[in-house]
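Asks: Taken in order, the sequence shown gives residues -11 to 1172; the numbers are from our numbering.
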Amino acid sequence: MKMEDVKQDLSSGGTPLAIIGIGCHFPQADDRHAYWANIREGIDAITEIPPTHWRVADYYDQDPKSPDRTYGRRGGFLSPVPFNPMEFNIPPNIIEAIDTSQLLGLVAAGHALKDAGYGPEREYDRSRASVILGVTGTLELVIPLGARLGHPVWRAALKEAGVDDTVAEDVVQRIAGSYVSWQENSFPGLLGNVVAGRISKHYDLGGTNCVVDAACASSLSALHLASLELATGKADMVVTGGIDTFNDIFMYMCFSKTPALSPTGDAKPFDASGDGTILGEGLGIVVIKRLADAERDGDKIYAVIRGVGSSSDGKGEAIYTPSAAGQRKALLDAYNRAGVTPESIGLVEAHGTGTKVGDAVEVNALREVYGETDTPWCALGSVKSQIGHTKAAAGAAGLIKATLALHHKVIPPTIKVEKPLEEVTAGRTPFYLNTEKRPWLPRAGVPRRAAVSAFGFGGSNFHAVLEEYRPAKDAVDWDGNVQILAFSGTDAGELEDALAGIPTDGPWNELRNRGAASRAGFDGAAPCRLALVVERERTNLAPLLANARAMLRKSPQSPWNTPDGAFFACGGNTGKLGVIFPGQGAQYTGMLRDLACRFPQVFNTLAAADDGFELPHGKRLSDLIYPVPAFNAGAKEKQEEELRATEAAQPAIGAVSLGALRVLESFGIAPEALAGHSYGELTALCAGGLLDEAVFHDLSRLRGRLMGEGKGDKGGMLAVNAPLAAVERVITDEGLDLVIANRNAPSQAVLSGSTGEIDRASAIFIERNLPCKRLPVAAAFHSQLVADAAAPFLAALEEINLGEGRIPVYANTTAAVYPSDVAAVKALLAGQLAQPVQFVAEIEEMYAAGVRTFVEVGPGVRLTGLIKAILGERPHVAVAVDASAGKRSGAFDLARALGQLAVLNHGVRLASWDEGYLPPTAVSGKKPALTVPLCGANYVKPKPKRPPVSPNRTVGQSPAPASQSAPASPELPGHFPLPGPRSPVPDVTPPASREALAESLRITRESMTVLQKMQEETAHLHRRFLEGQEAAGKTFQTLLEQQHRLLHGVPLPMSVPVDSTVSRPATDPAPAAAAAMGPTAPEAPAPATPSPSGDDTGRVVRTLIAVVSEKTGYPAEMLDLDMALDSDLGIDSIKRVEILSTLQERLPGAPAIGPEHLGTLRTLGEIARLRMSVRRRHSPQRTP
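#1: Taking only three categories from DSSP, how would you classify C242?
#2: Taking only three categories from DSSP, how would you classify I1141?
#3: From this set, N757, P418, I719 and R731, which residue's C-alpha is nearest I746's C-alpha?
#4: How big is the Cα-Cα spacing for L1179 and G138?
#5: DSSP state of C923, grouped into three classes?
#6: Any idea if W42 is buried or exposed, counting beta-carbon neighbours within 10 angstroms, 16 or more meaning buried?
#7: Short of 8 Å in beta carbon distance, which residues of its chain neighbour W142, apart from the five on each side in sequence? Order them along the chain.
#8: Just how far apart, CA to CA, sit I568 and H665?
#9: Which residue spans inside the segment 88 to 165 form an unbroken alpha helix (DSSP H) run of at least 4?
#10: Classify Y835: buried if its beta carbon has 16 or more other beta carbons within 10 angstroms, exposed otherwise.
#11: Going by DSSP, what residue range makes up the beta strand (DSSP E) through G741?
#12: In the DSSP assignment, the beta strand (DSSP E) including F827 goes from what residue to what residue?
#13: Answer yes or no: do D287 and K303 have a C-beta to C-beta separation smaller than 8 Å?
#14: Is it the case that the segment 693 to 713 contacts the segment 786 to 800, given that we only count it when at least three CB pairs across the two stretches are under 8 Å?
#15: Would I472 and L179 be called neighbours here (beta carbons separated by less than 8 Å)?
#16: Could you check if E410 is buried or exposed, using at least 16 other CB atoms within 10 Å of its CB as the buried criterion?
#17: For C760 and D776, I'd like the C-alpha separation in whole angstroms.
#18: Have a look at S118, F601 and A313 and flag the residue whose alpha-carbon is nearest the alpha-carbon of A223.
#19: Quick check on the burial criterion: 16 or more other C-beta atoms within 10 angstroms. Buried or exposed for I307?
#20: In terms of residue numbering, what span does the alpha helix (DSSP H) encompassing Y47 cover?
#21: Quick check on this structure: which residue in I1141, N789 and I273 has the alpha carbon closest to the alpha carbon of A210?
#22: Expressed to the nearest angstrom, what Euclidean distance is found between the alpha-carbon atoms of S561 and S476?
#23: Can you tell me where the alpha helix (DSSP H) holding K626 begins and where it ends?
#24: Relative to the C-alpha of E157, which residue among S169, A144 and V168 is closest?
#25: If we ignore side chains and look at the alpha-carbon of each, how far apart do D465 and N592 end up?
#26: In the DSSP assignment, the beta strand (DSSP E) including F450 goes from what residue to what residue?
#27: Applying the criterion that 16 or more other CB atoms from any shown protein chain within 10 Å of the CB defines a buried residue, is R316 buried or exposed?
#28: According to DSSP, which residues form a beta bridge with L662?
#29: Taking W365 as the reference, give the member of C198, F655, Y614 and T246 with the closest Cα.
#30: Assuming K404 contacts K256 under a Cβ cut-off of 8 Å, what Cβ separation, rounded to an integer in Å, is found between them?
#31: Have a look at V199 and G122 and give me their C-alpha separation to the nearest angstrom.
#32: By alpha-carbon positions, which one of A707, A184 and I8 ends up nearest to A104?
#33: Contact between the segment 421 to 440 and the segment 829 to 846 is defined here as three or more beta-carbon pairs at a separation below 8 Å; is this criterion met?
#34: Please identify the residue among M1160, Y806, L612 and F234 whose C-alpha is closest to the C-alpha of E635.
#35: Quick one: measure Cβ to Cβ for N77 and G1101, integer angstroms, because I've assumed they're closer than 8 Å.
#36: With DSSP as the reference, label G494 as helix, strand or coil.
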């Protein structure tokens, strides 16, 4: 389809929506910050199958046709998330009856609402806030619960195999014990719609509450429905996105037998070697509102949703075969609704699963809609290369990626692409595969836009169009992965003591907190200063600390630094700070990429440099600095050549250098002297205030163009590493028609001249064993071969107004400070083009003026090495902002420079590093939270080991009938006796007295009345009915059994072993096949038998707390009497009956709390007070 046809079909666009909050959990990313940092840095989060999910040895077979086996053994898995059940009013002992999707959904939704500014403290109309999520069908919990019901099959198979009945029953119970037990919470715990239901209930959101299932397109399907809610005015805010934690062996088997998994273990979207997808887990939630409402309410806005398109494949091939025609309809629908053309889209976050057929179909559909072009202009990628295919959450993963790309103005990479699919590269394609991060610089008159696709089995197709909200980049993109630890004190011993307290094996956030505190307390004027630079994935902290401590002992009075990132200085005066800017030859494609993507100072300087610079096919200056990725050596060399051209190299070097200086200035660094090498002198004049930025960019473009113009041989340059005197002798002796254009160092000169003379000189120097190298420049700079450029450059200078210089700038030609006379400045600057660079003399003059710290600001480290060679052993420090020349993170290089400058007392504001990060503060007096570590696999409580049995032996107790979900034996899995002393149950108890019997019957009748009222209520509340019937039946049966025992004089047990999430088993737990990670809170103490002589109030409170701890799983020390039964503890009416019945057993001798009070009790304190009042009313009066 032609682009013109797309334009004709466009509408004026629908209701624009604002994304105002993001909450997510994806592999190796617990929040949006970590997720974006991983995307930006190209982190591969795919790992081997963790033991929390399933054992590779049990199910893996490299043969895809092996029955009941999978050939997949890698995937993307969530890191454990500390889940606080009390925060969400969920008793700990029911966590294993709730699918992780529901539990982590609460966490992610809370993060999204908080990020949006709509946390619990915010007042807004919750009745018009909806929850619409993409969730696929039933959840992972269905699998173990369904498997547990196979006991008749297991028993029959064992019987057919001739296994003894006793052993067979033991085997059946062992197998059953490996699965989670059925209980009253199981049914809602396995339902997909309850993912949204729990979020709506907990956060009190009263709008539409539902989930939608469109297979792997579920997230964008939910977004589609959410956008309709807002467009029609049905809701004012919607929590939407997708959730999928279903990564167990069942799901691997589904994708293995399709087959769709990659046998090599990596998803490679749009790569020619792509052989399948990889499964992942994830939760991605966004909060959206109408754009006008968000602006009215002052909400933070990440991006704008312009439109969501949808389609169905209709009749076609197999149900899981993608259709280019169906996808094309969804794309056209989206652009029509958005009112934009495809040519305005700069990034397509594709479905891109990594399957060869699926990727090819998707590219063909895109190309039909986007048309053809001479130059690729739209980045194509898929986050599945990093986190795997997160199925129902896949669209949300892509949506959040595209949203944050627009917000941070970065085109993110797609990894694992080595050779693109032919469908991507063939012909005049508009697409390119972006394999490394690049700053997303603006194009005049067109806002940045991105599009996101998601397609599902069954022919469901969705496509969303996003747009940036603000064009300016105004905040640093911190991720906290590089830390500066700064220390100051009276002597080196004090600093050594500070290092001794730093743990080397703690979590990264702990080090990040420590770094923030150290920077806030750093005093650059203190007698001794030390800085350490730590990069999260690459620094070995233990050796760094050890080396620093050793150096502090060895050299406590003199400055030093270590290669691994420690910097130390002492004393006061460290001399002046000079900044040096590099010239042509320092450029390389991708220079200062990290700073350009993170810091607005570099980004905005590049954007300004792009204005007025344009090459054929619409290429901008930034397109040459950060070209689209090349996939062969020839293409890469061509890109280097394009940047090497003088008309591109000079403005490019100037833009990134000036931007880097602005970054240093944002940390408080103030140069006291400036200089530049060759072209870099122009940058120095701008930094010194003589040229404003717009004029600087104009002059940079003009200078580069003039020096690259001219007919005939423009000559070349030759660098010679030999003493300057020796070089001069060779020129004289051999009669070379060359000039020493650059006197760079005592033993390095650069010669300029015609190409023929440069070639002859190269052969001569090689013959004399003097190292030399031809430089990659376009002309013989600083020689008479470029003198023709001086006159027009001077003419242009005459047309501009120079500013007041505020910092001394040293000149290449004279090695002295630029004069104050305006005409002299212009003449000196224009003449510099054809005059030699006296860099050695220039540095000597700066040193004589008191400069002792030299900072190279711009790409590379060439000048840093020259300065060290010039000054030799004299006291000085030479620092480079781009010390690794792009081989390490730009943030790491910058941190090293800032750390060294800080200890040299150059006024660095280290507190600005990682600015905005707020270390968590502990709340004094607050009880420690119970947390359960949850990952994608469902939580399973640790199980005690069962002793082996022999044939014809009784196993604990008589076998349970097949209809029981779990035997009542305290030794069965999931049931452990509580630690601590317990009152023994006597072997023989006298028959109950008539009074006790009557009292117990009365209790039973009252309890049955409570149950009857509860069951009447459930007839009106269908959900409560489903949740409560099983528990009610159990309780009813227990009460009948108690009545039967009382009538026949059989003693009642004082207590039964209770199921406790926080209790340890009596024996060592067996290794669990599923997630068997226990809560991190202390164990709940067992309820001790109350002493009859204690204070009644204290006894009631202690017993109540103990009973509630048993029945809910909350540790006793976390409970207090002010806690609400429902909103704080999640105790429903069924659980209240259990608690009150057990409380009656533990505190006999007084009538039970009547059913008339059951619905009025709101807190634990009210139960205790009511229990005491009932006890007092029925206590015998003392005789006076």
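For every residue, glycine included, the Cβ atom is placed at its ideal position computed from N, Cα and C.
All values derive from a computational prediction rather than experimental measurement.
Replies: Reading off the structure:
#1: When secondary structure is reduced to three states using DSSP, C242 falls in the helix class.
#2: Assigned with DSSP and collapsed to three states, I1141 falls in coil, not helix or strand.
#3: Comparing Cα positions, the closest option is I719.
#4: Any question about residue 1179 goes unanswered here, given that the chain covers just -11 to 1172.
#5: The answer is coil: DSSP assigns C923 none of H, G, I, E or B.
#6: Around the C-beta of W42, 16 or more other C-beta atoms lie within 10 Å, and the residue is accordingly described as buried.
#7: V159, V160 and I163, listed in sequence order.
#8: Their backbone Cα atoms lie some 7 Å apart in a straight line.
#9: Listed in chain order, the complete alpha helix (DSSP H) runs (minimum 4 residues) inside the segment 88 to 165 are 88 to 104, 130 to 136, 139 to 148 and 153 to 165.
#10: Residue burial is scored here from C-beta neighbours: Y835 has at least 16 other C-beta atoms within 10 angstroms and is therefore classed as buried.
#11: Looking at the DSSP string, the run of the beta strand (DSSP E) that includes G741 is Q736 to G741.
#12: That residue, F827, is in no beta strand (DSSP E); its alpha helix (DSSP H) goes F827 to A836.
#13: Taking 8 Å as the Cβ cut-off, D287 and K303 do not qualify as a contacting pair.
#14: In short, these stretches do not touch, since the Cβ pair count stays below three.
#15: Result no, Cβ atoms of I472 and L179 do not sit closer than 8 Å.
#16: With fewer than 16 other CB atoms across the displayed protein chains lying within 10 angstroms of its CB, E410 is exposed.
#17: C760 and D776: Cα-Cα distance of roughly 28 Å.
#18: Checked all of S118, F601 and A313; the closest Cα to A223 is S118.
#19: Of the residues assessed, I307 falls on the exposed side of the cut-off, its CB having fewer than 16 other CB atoms within 10 angstroms.
#20: For Y47, the uninterrupted alpha helix (DSSP H) segment begins and ends at V44 to Y47.
#21: Answer by Cα proximity: I273.
#22: Here the sequence assigns Asn to residue 561, which means Ser is not the residue at that position. C-alpha separation (whole angstroms): 16 Å.
#23: Run containing K626: A621 to R632, per the alpha helix (DSSP H) assignment.
#24: Of the candidates S169, A144 and V168, A144 places its Cα closest to the Cα of E157.
#25: Cα-Cα distance, rounded: 14 Å.
#26: Judged by DSSP secondary structure, F450 falls within the beta strand (DSSP E) whose first and last residues are S448 to E456.
#27: Buried: at least 16 other Cβ atoms inside 10 Å.
#28: According to DSSP, L662 bridges with V567 and V797.
#29: Residue Y614 is the option with its Cα nearest to W365.
#30: Between K404 and K256 a beta carbon distance of about 4 Å is seen, short of the 8 Å cut, so the two are scored as contacting.
#31: Between V199 and G122, the C-alpha separation is close to 5 Å.
#32: Of the candidates A707, A184 and I8, the one whose C-alpha sits nearest the C-alpha of A104 is I8.
#33: The segment 421 to 440, when compared against the segment 829 to 846, does not touch it at the 8 Å Cβ threshold.
#34: Answer by Cα proximity: L612.
#35: 13 Å between Cβ atoms; not a contact.
#36: Three-state DSSP puts G494 in coil, outside helix and strand.
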